[in-house]
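Asker:
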Amino acid sequence: MAQNPGSPTSARAPNYTAAEARRAILDRLTPVGGWERVNVRSALGRVLAEDVIAPCNVPAHDNSAMDGYAVRHVDLAPQGETTLTVVGTAFAGKPFSGIVGAGQAVRIMTGAAIPEGADTIVVQEVTRAADGKVHVPAGQRAGQNLRRAGEDLALGGVALPAGKRCGPAELGLIASLGIAEVAVRRRLRVAFFSTGDELASIGKPLAPGEVYDSNRYTLFGALSRLGCDLIDMGVVRDDPQALETAFRDASVNADVILTSGGVSVGEADFIRELVNRLGEVAFWKIDIKPGRPMAFGRVGDAWLFGLPGNPVAVLVTFYQFVQDALQALSGVSPLPEPALFDVVCAETIRKQPGRREFMRGRLTLVDGRQTVRLAGAQGSGVLRSMSEANCFIVLPEERGDVLAGETVQVQIFDGLV
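Given below as structure tokens:
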């Protein structure tokens with residue numbers, strides 16, 4: 001294998017910035033192969049493998065966008081009221097079968113087909129109706145309140161492109177075309193495990209020096225929301241042979257391997273050295289806080305993301321780097337750009353220039369404007385403040401202290417899958 005920047009025998013690789021790390025990851029990835037056909041309901045959360053082509057117009061015919069009266073605009077007086085004779089009613093699914101002639105109108109319901117001869121819908125709220133007549137005020141525009149055939153989707157057009165992840169709106173759109181099945185990419189297979197002799201399984205009493213393994217449950221939640229097929233490999237102890245066996249097994253059965261812990265420079269942190277022997281490490285340090293030690297590379301045919309061991313650092317690195325990598329491997333295209341919003345900071349925040357920091361924040365509405373403040377303690381092991389936060393306060397590398405009243409950028413959690 002060619003020498004790589006993360007090899008132990010190569011010159012020391014510089015730390016990556018957050019932007020460099022994201023680009024280095026995404027530039028290497030191509031979607032996994034394989035697809036299947038599924039029914040519409042089973043397509044929720046799946047990525048389309050091919051374009052969905054409209055087999056019909058949506059809507060299928062010109063129809064009314066409002067309850068009201070279908071009229072001929074030429075009959076309407078430019079000044080004052082126009083009185084028209086009501087000759088019938090058009091319902092959705094039960095069209096008026098006649099023709100709207102001079103001086104006539106048809107009562108029409110939302111979604112009903114536009115009767116022949118009519119070209120304008122007057123909403124019922126502005127009219128007066130009595131004794132088979134309707135009185136229409138001046139000021140109506142020709143063609144108002146009409147929905148044209150094919151206005152939403154035209155016959156033969158691309159209704160949804162390949163690479164689109166299907167949400168509730170996409171399911172409804174597919175169903176509106178009468179399509180029962182769609183082609184979707186296969187689910188991404190992700191193996192994940194935690195490393196460390198100090199980790200205990202939940203439900204058991206802690207021995208001296210032990211902590212409960214929370215990271216696997218954090219990753220289970222994040223991966224499940226992406227619709228991945230999961231291989232939970234449990235806790236792997238800080239033993240070179242056990243770790244090698246876990247990596248070899250995972251690389252055979254999964255497209256991606258996610259680990260937490262074991263990527264720092266401690267003497268018991270074997271993963272970086274082991275991965276360099278079994279595959280390659282492209283980089284293992286990023287200038288961010290929390291989450292500086294994060295390895296990215298390959299083991300066999302599987303991509304590896306070696307995340308830090310601290311619980312908050314796991315979430316930061318997952319959301320900032322791993323999530324979009326998994327979407328790219330799943331075939332999502334185009335990838336959404338991280339959405340950052342300018343917000344006034346309600347308190348002073350201390351920061352040293354040099355690293356991009358992702359602080360847990362609480363966004364609230366104060367006197368009609370959004371402000372943000374820190375959501376509790378910011379230590380990388382304090383998962384409670386991650387639960388109490390609703391956004392990251394993202395402070396760029398070059399920024400120092402933030403004063404109360406200054407503008408900062410936030411990344412809202414609701415925008416993260």
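The numbering of the sequence shown is full-length UniProt numbering, which starts it at 1 and goes up by one.
Each residue gets a CB set at the ideal place from its N, CA and C atoms; glycine is no exception.
In this text, all values refer to a predicted model and were calculated from it rather than measured experimentally.
(1) I'd like the span of the alpha helix (DSSP H) that includes Val275, first residue to last.
(2) Taking C-alpha atoms, which residue in Ala282, Ala54, Gly101 lies nearest to Val158?
(3) Ordered along the chain, which non-local residues of its own chain (more than five positions away) have a Cβ less than 6 Å from that of Glu267?
(4) Hey, quick one: how far does the alpha helix (DSSP H) through Leu173 stretch, first residue to last?
(5) When burial is assigned at 16 or more other CB atoms within 10 Å of the CB, is Asp301 buried or exposed?
(6) Which term fits Lys94, buried or exposed, when burial requires 16 or more other beta carbons within 10 angstroms of its beta carbon?
(7) Counting only the same chain and skipping the five closest in sequence on each side, list residues whose C-beta sits under 8 Å from that of Pro168.
(8) Ala21: buried (16+ other C-beta within 10 angstroms of its C-beta) or exposed?
(9) Within 10 Å of its beta-carbon, does Asp213 have 16 or more other beta-carbons around it, so buried, or fewer, so exposed?
(10) Using 8 Å as the threshold, is the stretch 231-238 in touch with the stretch 181-200, meaning 3 or more CB pairs across them?
(11) What residue range is occupied by the uninterrupted alpha helix (DSSP H) comprising Val312?
(12) Between which two residues does the alpha helix (DSSP H) harbouring Thr348 extend?
(13) Since Val394 contacts Leu363 with CB under 8 Å, what's their CB separation in whole angstroms?
(14) Rounded to whole angstroms, how far is the Cβ of Ala70 from the Cβ of Ile114, which I believe are closer than 8 Å?
(15) What are the boundary residues of the alpha helix (DSSP H) that Glu244 is part of?
(16) Report the residue from Leu173, Ala207, Gly291 whose alpha carbon sits nearest the alpha carbon of Asp197.
(17) At which residue ranges does the stretch 133-211 contain complete beta strand (DSSP E) runs of 3 or more residues, listed in the order of the chain?
(18) With distance defined between alpha-carbon atoms, name the residue in Gly297, Thr407, Phe296, Arg356 nearest to Glu347.
(19) May I have the straight-line CA-CA distance separating Ser176 from Ile349, to the nearest angstrom?
(20) For the stretch 79-88 against the stretch 125-145, are there 3 or more C-beta pairs whose distance is under 8 Å?
(21) Which one or two residues does DSSP pair with Ile53 in a beta bridge?
(22) Assuming Asp232 is part of the alpha helix (DSSP H), what are its boundary residues?
(23) Would Ala313 pass as a contact of Ser380 if the rule is Cβ separation under 8 Å?
(24) Which of the three DSSP states is assigned to Gln320 in this structure?
(25) Give the secondary structure of Ser97 by DSSP, where H, G and I count as helix, E and B as strand, and everything else as coil.
(26) Which whole-angstrom value describes the C-beta separation of Ala246 and Val256, a residue pair presumed to lie in contact below a C-beta threshold of 8 Å?
(27) Is the beta carbon of Glu170 less than 8 Å from the beta carbon of Arg37?
(28) Looking only at DSSP bridge pairs, what is Ser330 linked to?
(29) Have a look at Phe321 and Ile25 and give me their C-alpha separation to the nearest angstrom.
(30) Compute the Euclidean distance between the alpha carbons of Pro353 and Asp401, then round it to the nearest angstrom.
(31) Below 8 Å between beta carbons: does that hold for Val47 and Gly163?
(32) Measure how close the beta-carbons of Ser387 and Ala377 come, nearest whole angstrom, since I'm counting them as under 8 Å.
(33) Does the beta-carbon distance from Arg369 to Gly361 come in below 8 Å?
(34) Taking DSSP as the reference, what is the three-state secondary structure of Thr30?
(35) CB-CB under 8 Å to Asn39, same chain, minus the five flanking residues each way: which ones, in chain order?
Answerer: Reading it off the structure:
(1) Where Val275 is concerned, the enclosing alpha helix (DSSP H) starts and stops at 271-278.
(2) Ala54
(3) Confidence at Glu267 is low in this model, with a pLDDT of 49, below 50, so the placement of that residue is unreliable and no value is reported for it.
(4) 168-176
(5) exposed
(6) exposed
(7) Leu44
(8) So Ala21 ends up on the buried side.
(9) buried
(10) Because the criterion of three Cβ pairs below 8 Å is met, the stretch 231-238 and the stretch 181-200 touch.
(11) 311-317
(12) No alpha helix (DSSP H) holds Thr348; DSSP gives it neither H nor E.
(13) Contact flag wrong, Cβ pair sits at about 13 Å.
(14) 6 Å
(15) 240-253
(16) Nearest C-alpha to Asp197: Ala207.
(17) 133-136, 158-160, 181-185, 189-195
(18) The shortest C-alpha to C-alpha distance from Glu347 to any of Gly297, Thr407, Phe296, Arg356 is the one to Thr407.
(19) 51 Å
(20) yes
(21) Val158
(22) Going by DSSP, Asp232 is part of no alpha helix (DSSP H) but of the beta strand (DSSP E) stretching over 229-236.
(23) yes
(24) helix
(25) Secondary structure at Ser97: coil, using DSSP grouped into helix, strand and coil.
(26) Rounded, the Cβ-Cβ distance is 14 Å, inconsistent with contact.
(27) no
(28) Ser330 is not bridged to any residue.
(29) Near 8 Å, if we compare the C-alpha coordinates of Ile25 and Phe321.
(30) 8 Å
(31) yes
(32) The Cβ separation is near 12 Å, so there is no contact.
(33) no
(34) coil
(35) Ala180, Glu181
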